[in-house]
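Notes for the one structure printed next.
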Amino acid sequence: MLWGAASGALEIRSEGGATALRAVFPYGAETELAPGKREVFAPHAFRARIEAGEEIHLLAQHNYQWPLASTAAGTLRLRSTDLAVEIEATVDGATSWGRDFLAAHRAGLIRGLSPGFRVPNGGERVERRGADLVRTVTQAALFEVSAVTVPAYPQAQIEARGWETHQDRQPFRGAVNPLNRWRL
């Protein structure tokens with residue numbers, strides 16, 4: 115199964131033609147995904163693919179047609195700590211979707227961060243806590259992280275500090291229904 119959740123903070127700085135992006139996806143932050151269904155990520159849940167140097171992408175709205183950066187291209191760097199996944203990327207505004215993402219972010223429309231991942235057998239623990247079911251993800255194969263409009267986790271907000279020199283700003287055309295997340 116491929117899952118997507120959202121949590122963290124995202125900061126964007128722009129100088130010249132390149133835009134630097136920094137984000138944090140915190141471990142241990144619990145959220146309610148649906149009434150009575152909660153989820154939390156254990157420390158280092160995403161460590162395996164990060165430390166193995168596997169290819170991971172930064173996308174707009176979980177859409178592989180809108181790549182913003184990748185580890186293979188050398189424009190995305192991730193690090194798993196005890197508290198969070200730390201993300202650094204360089205986003206080039208030369209593509210139409212890159213410009214659209216940066217414009218939507220500046221307008222306050224895209225503020226969330228969401229990982230796309232698969233949970234292997236044995237990589238989760240589900241327990242009943244009162245009337246709720248709580249899923250703790252202990253291991254997950256991280257394939258992508260996305261800048262999203264509506265994050266599942268309240269802690270997943272983007273903050274930007276940037277100076278854009280582009281005069282040809284276009285509206286973001288890639289809105290995805292937040293109910294159509296990567297939860298299969």
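In our numbering, the protein residues as written are 115 to 298. Just so you know, even glycine gets a beta-carbon here, dropped at the ideal spot from N, CA and C. Treat the numbers as computed from the prediction; the structure is a model and nothing was measured.
DSSP three-state assignment for residue i, whether helix, strand or coil
i, result
"Asp196", "coil"
"Phe160", "coil"
"Glu144", "coil"
In DSSP terms, what residue i is bridged to
i, result
"His171", "Ser184 and Glu258"
"Arg239", "Thr250"
"Val264", "Per DSSP, none; premise fails for Val264."
"Ala203", "Leu135 and Leu190"
Residue range of the beta strand (DSSP E) that includes residue i
i, result
"Leu216", "From DSSP, Leu216 is part of no beta strand (DSSP E) but of the alpha helix (DSSP H) over Ser210 to Arg220."
"Leu247", "Asp246 to Val251"
"Arg232", "Gly226 to Arg232"
"Val154", "Lys151 to Phe155"
Beta-carbon separation (whole angstroms), residue i vs residue j, contact threshold 8 Å
i, j, result
"Leu190", "Ile164", "Leu190 to Ile164, Cβ: 11 Å. No contact."
"Leu182", "Phe215", "6 Å"
"Glu258", "Leu135", "Contact flag wrong, Cβ pair sits at about 14 Å."
"Phe160", "Ser194", "6 Å"
"Gly237", "Val251", "7 Å"
"Ala261", "Leu227", "6 Å"
"Tyr141", "Ala198", "6 Å"
"Ala266", "Val233", "Between Val233 and Ala266 the Cβ distance is about 15 Å, and since that is not below 8 Å, they are no contact."
"Ser184", "Ile170", "7 Å"
"Glu153", "Arg249", "5 Å"
"Asp206", "Ala132", "6 Å"
"Asp196", "Pro149", "Contact doesn't hold; Cβ gap of about 31 Å is too wide."
Residue-chain proximity (residue i, chain D), Cβ-Cβ < 8 Å
i, result
"Thr185", "The chain inventory of the structure shown lacks chain D, comprising one protein chain alone."
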